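Engineer: Have a look at the structure that comes next, please.
There are 2 protein chains.
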Amino acid sequence: MSDKPEILATRTIAESRLFEIQEVDLRFSNGTEVSFEKLMNRGYGAVLVVPVIAPGRVLLVREYGAGVDRYELQLPKGRVEAGEALLDAAQRELREETGYGARRLERVTGVTVAPGYLGHVTEIVLARELYTAPLPGDEPEPPGVVEWPLDDLPALVARDDCTEARTIAALYLVRDLLNNEEDE
Amino acid sequence: MSDKPEILATRTIAESRLFEIQEVDLRFSNGTEVSFEKLMNRGYGAVLVVPVIAPGRVLLVREYGAGVDRYELQLPKGRVEAGEALLDAAQRELREETGYGARRLERVTGVTVAPGYLGHVTEIVLARELYTAPLPGDEPEPPGVVEWPLDDLPALVARDDCTEARTIAALYLVRDLLNNEEDE
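Same order as they appear, the protein sequences are chains Z and B. By the numbering used here, the letter at position 146 of the first sequence is numbered 146, and the numbering carries on one by one without gaps. Heads up, the numbering used here is the position in the second sequence plus 1000, with the first residue counted as 1.
Here's what the structure looks like:
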């Protein structure tokens, strides 16, 4: 098991409202020196919510993604705000995007999207015991809400508009977790 | 179902060797106008390989991730080169990172990492019938190779160093796919 590379220098090479691109000079334990570009996503991390609306059924939202220039079906998600607790951020995003609140919220795990150049962590939160509690969000248009059965994930992933890796990972993780609870 | 927002203007606001940050002005079908930042990842897309070394057992690689500043266990992956076919890129990355080639390569599906600001698609490729065929790569140090059983994904995801959403999604997708093949 190798020691972590030594960080020799870090420089900001480009900046925008949302992003900061850094160049990092590294020396690996075998002496190799390289420079990597790294993207700093400003903010306090993100939260991805798996809302269980009925046994074995979850809610997805349909929202425009500027990166892919199409509507995508995804689990509700958003940024954690300054000073906001993780489960409070999950509750807020859930209410803003689906119109439901949850009486029961639990952190499942944290995932990353590109460890090679992004430090960003998204915390997956399981939301159960939903009740109607809409909250106005900052979305340019209200998201469409779609119910999906957890026992039919292959059909969901086969769609052209459900491609986001965190959503797919979270749905499988929660399906296994709920199946294990049933077995207990 | 809403019409896609109209793209009013696109501007490059920051650039580096690897990235280009664009600002996109959009008008939604309800009249709302907003500007989104979008990250253009230069290149021809990426490939993520699920190498099956023995029935129900896959290979993972342990590599330093500059974004998270730690070693991560991930499926072998890399950029597709100019003019390179998808399965050729998968074969090359597999040989470079694990020292194995595959006699059987199949595309599973394409996933995205952040549809809101990244257009980038990663194609998941299932690799079977492996044989020893190392190829020197451009990694600063040779990746460590770890074998993992597909029937123990919860223990893998529970680790602090296996967090990448595409890896988790691909492992679950392939586990289901191989289980379904067995049932047929």
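We treat Cβ as the ideally placed atom computed from N, Cα and C, and that holds for glycine. From a predicted model like this one, the values you see are computed outputs, not experimental measurements.
Residue 117(Z) and residue 38(Z): beta carbons closer than 8 Å?
Structural biologist: Contact: yes.
Engineer: Bridge partners for residue 29(Z) per DSSP, in chain order?
Structural biologist: DSSP lists no partner for residue 29(Z).
Engineer: Just to confirm before moving on: does the CB-CB distance between residue 177(Z) and residue 125(Z) stay below 8 Å?
Structural biologist: Taking 8 Å as the Cβ cut-off, residue 177(Z) and residue 125(Z) do not qualify as a contacting pair.
Engineer: State the DSSP-derived secondary structure class of residue 1049(B), mapped to helix, strand or coil.
Structural biologist: It is a strand residue.
Engineer: Can you tell me the Cα-Cα spacing of residue 27(Z) and residue 172(Z), whole angstroms?
Structural biologist: So the alpha carbons of these two residues sit roughly 38 Å apart.
Engineer: Answer yes if the segment 77 to 96 of chain Z comes into contact with the segment 1079 to 1090 of chain B, meaning at least three C-beta pairs across the two stretches below 8 Å, and no otherwise.
Structural biologist: Judged by Cβ distances under 8 Å, the segment 1079 to 1090 of chain B makes no contact with the segment 77 to 96 of chain Z, as fewer than three pairs qualify.
Engineer: How should residue 64(Z) be labelled, buried or exposed, when 16 other C-beta atoms within 10 angstroms of its C-beta is the threshold for buried?
Structural biologist: Burial call: buried.
Engineer: Helix, strand or coil for residue 1149(B), going by three-state DSSP, please let me know.
Structural biologist: In the structure shown, residue 1149(B) sits in a strand (DSSP, three-state: E or B).
Engineer: Which of the three DSSP states is assigned to residue 1097(B) in this structure?
Structural biologist: The answer is helix: DSSP assigns residue 1097(B) an H, G or I state.
Engineer: So who's on the other strand from residue 124(Z), going by DSSP bridges?
Structural biologist: Per DSSP, 48(Z) and 109(Z).
Engineer: For residue 59(Z) and residue 1099(B), I'd like the C-alpha separation in whole angstroms.
Structural biologist: One C-alpha to the other measures close to 42 Å.
Engineer: Can you tell me whether residue 1147(B) is buried or exposed, with buried defined as 16 or more other CB within 10 angstroms of its CB?
Structural biologist: Residue 1147(B) should be labelled exposed.
Engineer: Go through its chain and collect everything with a Cβ distance to residue 128(Z)'s Cβ below 7 Å, but skip five positions before and after it.
Structural biologist: Result list for residue 128(Z): 52, 102 and 104, in chain order.
Engineer: If we count the other Cβ atoms within 10 Å of its Cβ and call it buried at 16 or more, is residue 1009(B) buried or exposed?
Structural biologist: Exposed, by the Cβ-count rule.
Engineer: In angstroms, rounded to a whole number, what distance separates the CA positions of residue 119(Z) and residue 1182(B)?
Structural biologist: Near 38 Å, if we compare the C-alpha coordinates of residue 1182(B) and residue 119(Z).
Engineer: For residue 1041(B), which residues does DSSP report across the bridge?
Structural biologist: DSSP output for residue 1041(B) lists 1019(B) as bridge partner(s).
Engineer: If I'm right that residue 154(Z) touches residue 62(Z) with Cβ under 8 Å, what's the distance once you round it to whole angstroms?
Structural biologist: Rounded, the Cβ-Cβ distance is 19 Å, inconsistent with contact.
Engineer: Check the DSSP bridge columns for residue 1074(B) and list the partner residues they point to.
Structural biologist: BP columns for residue 1074(B) point to 1061(B).
Engineer: Can a CB atom of chain B be found closer than 8 Å to the CB of residue 30(Z)?
Structural biologist: With 8 Å as the cut-off, residue 30(Z) counts as an interface residue toward chain B.
Engineer: Apart from the five residues on each side of it in sequence, which residues of its chain come closer than 8 Å, Cβ to Cβ, to residue 1040(B)?
Structural biologist: So the list reads 1019, 1020, 1021, 1022 and 1119, once near-sequence residues are dropped.
Engineer: Determine which residues of the segment 1162 to 1180 of chain B have a Cβ less than 7 Å from any Cβ of chain Z, and write them out in chain order.
Structural biologist: Listed by position, the residues of the segment 1162 to 1180 of chain B near chain Z (Cβ gap below 7 Å) are 1163, 1164, 1165, 1166, 1168, 1169, 1172, 1173 and 1176.
Engineer: To which residues of the same chain is residue 122(Z) closer than 8 Å at the C-beta, ignoring the five residues directly before and after it?
Structural biologist: Contacts found: 45, 46, 47, 48, 77, 110, 111, 112, 113 and 166.
Engineer: Taking Cβ to Cβ, would you say residue 15(Z) is nearer than 8 Å to residue 1014(B)?
Structural biologist: In this structure, residue 1014(B) lies closer than 8 Å to residue 15(Z) by Cβ.
Engineer: Should residue 1071(B) and residue 1161(B) be called a contact, given that it needs their Cβ atoms to be closer than 8 Å?
Structural biologist: Against a cut-off of 8 Å, the Cβ pair of residue 1161(B) and residue 1071(B) comes out as a contact.
Engineer: Short check: CB of residue 57(Z) to CB of residue 150(Z), under 8 Å?
Structural biologist: Cβ distance < 8 Å, so residue 57(Z) and residue 150(Z) count as in contact.
Engineer: Tell me which residues share the same chain as residue 1164(B) and place their Cβ nearer than 7 Å to its Cβ, disregarding the 5 neighbours each side in the sequence.
Structural biologist: Excluding sequence neighbours, residue 1164(B) sits near 1072 and 1074.
Engineer: CA-CA distance, residue 1067(B) and residue 115(Z)?
Structural biologist: Near 5 Å, if we compare the C-alpha coordinates of residue 115(Z) and residue 1067(B).
Engineer: Please report the residue range of the alpha helix (DSSP H) in which residue 133(Z) lies.
Structural biologist: No alpha helix (DSSP H) contains residue 133(Z), which DSSP labels as neither H nor E.
Engineer: Output, in sequence order along the chain, the residues in the segment 103 to 119 of chain Z whose CB is closer than 7 Å to any CB in chain B.
Structural biologist: Cβ contacts with chain B: 109, 110, 111, 112, 113, 114, 115, 116, 117, 118 and 119.
Engineer: What first and last residue would you give for the alpha helix (DSSP H) that runs through residue 177(Z)?
Structural biologist: Residue 177(Z) -> alpha helix (DSSP H) spans 165 to 183.
Engineer: For chain B, check one thing: does any of its Cβ atoms lie closer than 8 Å to the Cβ of residue 45(Z)?
Structural biologist: By this cut-off, residue 45(Z) is not an interface position.
Engineer: Measuring only the C-alpha atoms, how far is residue 1050(B) from residue 1174(B)?
Structural biologist: If I take the Cα positions, the gap works out to 8 Å.
Engineer: For residue 67(Z), return the contacting residues in chain B, with the cut-off set at a CB-CB distance below 8 Å.
Structural biologist: Per Cβ cutoff of 8 Å: 1038, 1039, 1112, 1114, 1115, 1116, 1117, 1118, 1119 and 1120.
Engineer: On the criterion of 16 or more Cβ atoms from any shown chain inside 10 Å, does residue 7(Z) qualify as buried, or is it exposed?
Structural biologist: Its Cβ having fewer than 16 others within 10 Å, residue 7(Z) is exposed.
Engineer: Indicate whether residue 140(Z) and residue 1012(B) have their beta-carbon atoms separated by less than 8 Å.
Structural biologist: Cβ atoms of residue 140(Z) and residue 1012(B): not closer than 8 Å.
Engineer: With a threshold of 16 other CB atoms inside 10 Å of the CB of residue 169(Z), please say whether the residue is buried or exposed.
Structural biologist: Burial call: buried.
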